[in-house]
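Numbering (this note's numbering), first residue to last: 12 to 87. Since the structure comes first, as C-alpha cells, the remarks are kept for the end.
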C-alpha cells in the first residue's frame, strides 16, 4: 500500500521528536517496517516500481521517418 507523503512526514517527525518507532507504528496504523524504511530514506516520496520498458522504436528515428513520409497512414 502506498501511503501519502504527508503521513510519512508525520510519522518521521513523531519519531525524530522523541517518539518510539513501535509507538509511531501503532499511533499512525502503519507497519514497523514502514516506519524504519521511512527513517532510513532521504526522500519520502514513493519509489518507482518496476523497470522502465525499453522502447521498440527510437524517438528520433520515428521523427525522421514521419518527416520523410508525411503522407503515410497507420493503416493499409
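Don't be surprised by glycine CBs; every beta carbon is placed ideally from N, CA and C.
Contacting residues, own chain, Cβ-Cβ under 7 Å from residue 18 (five flanking each side not counted) | Closer than 7 Å at Cβ, skipping near neighbours: 39.
Between the stretch 42-58 and the stretch 14-28, do three or more beta carbon pairs fall short of 8 Å?
-> Segments in contact, yes.
Rounded to whole angstroms, what's the CA-CA distance from residue 35 to residue 56? Just pull it up for me.
-> Near 19 Å, if we compare the C-alpha coordinates of residue 56 and residue 35.
Round the Cβ separation of residue 43 and residue 32 to the nearest angstrom and send it over; I've been treating them as touching at under 8 Å.
-> So it is a contact: roughly 6 Å between Cβ atoms.
Measure the C-alpha to C-alpha separation of residue 71 and residue 83 and round it to an integer number of angstroms.
-> Here the alpha carbons of residue 83 and residue 71 stand approximately 17 Å from one another.
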